[in-house]
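Note sheet for the following structure.
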Amino acid sequence: MMQRDAGRTVNATLVLALVLTLAQWLATPPAFAQVSSPMRGAIAIPDANAASPVMKQNTDRTQLGRAYRQQPPLIPHNIEKYQISLKVNQCMACHDWPNNVREGAPKISETHYIDRDGVALDHVARTRWFCNQCHVPQVAAQPLVENQFKSATEVK
Ligand code: HEC
Ligand code: HEC
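Per the numbering used here, the sequence shown starts with residue 1, numbered consecutively.
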């Protein structure tokens, strides 16, 4: 009997201590709130930011360097109007052989004609259908956060 009561008192003290710790933790603002401002800027949670400006895509038309050997090359032209859907892939009008010869465009890599079982096909493999999953156009945007990225040749 005595022992059970003692057990209850210990339990109650423990619960009280936990509640107090939690209350104190909730009352202290987390450290990160003080050191950095959020990317969305000083905008209250329920308010919406103004839409960011639409950037003009790079249209240099010259090959952009690769940061490492296996990098999918970046797209040096505008792709806003080229549709890729389940049935249509307008990139292939210029980048598939033999169209690429007429268009003076680089042919998609031979790897793009090999399916996931290693079978060489006469058309682009389905695994490569959505080009912009790997190839991306460029815009002259400021980096969102500072970074010290170095290309594979720079770290050699
Ligand atoms: C009207 C023809 C045309 C269409 C359509 C087209 N491209 Fe291109 N693309 C080119 C040409 C030409 C080049 C070579 C550079 C240049 O002259 O712009 C090129 C270059 C590229 C390169 C760079 C290759 C390298 O080795 O550096 C990539 C990647 C690329 N295009 C991807 C795409 C993707 C993805 C699409 C569809 C969203 C697309 N292109 C649609 C004509 C086209
Ligand atoms: C899963 C990622 C992926 C997808 C999807 C993909 N590519 Fe690539 N592509 C690459 C990589 C990686 C390379 C460079 C290595 C290589 O040649 O395989 C490349 C190379 C290229 C090249 C340069 C070829 C050369 O010989 O210099 C062109 C052009 C290209 N891709 C166009 C396309 C087009 C157009 C599509 C859509 C039909 C497409 N790619 C889909 C990853 C991809």
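Ideal placement from N, C-alpha and C gives every residue a C-beta, glycine not left out.
Ala12 in three-state terms, based on DSSP
Ala12 falls in the helix class under three-state DSSP.
Count the other CB atoms, across all protein chains shown, that sit within 10 Å of the CB of Cys134; report buried if there are 16 or more and exposed otherwise.
The residue in question, Cys134, is exposed, as its Cβ has fewer than 16 Cβ neighbours within 10 Å.
If you draw a straight line from the C-alpha of Ala12 to the C-alpha of Leu20, how long is it?
Computed Cα separation, rounded: 12 Å.
Hey, quick one: how far does the alpha helix (DSSP H) through Arg102 stretch, first residue to last?
Residues 99–103.
So Ala93 is in the alpha helix (DSSP H); what residue range does that whole segment cover?
Counting along the chain, the unbroken alpha helix (DSSP H) around Ala93 starts and ends at 92–95.
Is Gln83 near ligand 2, judged by its Cβ being under 7 Å from some heavy atom?
Because no heavy atom of ligand 2 lies under 7 Å away, the Cβ of Gln83 does not count as near it: no.
For Val165, count neighbouring Cβ atoms within 10 angstroms of its own Cβ and tell me buried if that reaches 16, exposed if not.
This structure gives no information on residue 165, because the portion of the chain shown stretches from 1 to 156.
Could you tell me which of Ala93, Lys81, Ala42 sits nearest to Lys107, measuring between CA atoms?
Minimum Cα distance to Lys107 is reached at Ala93.
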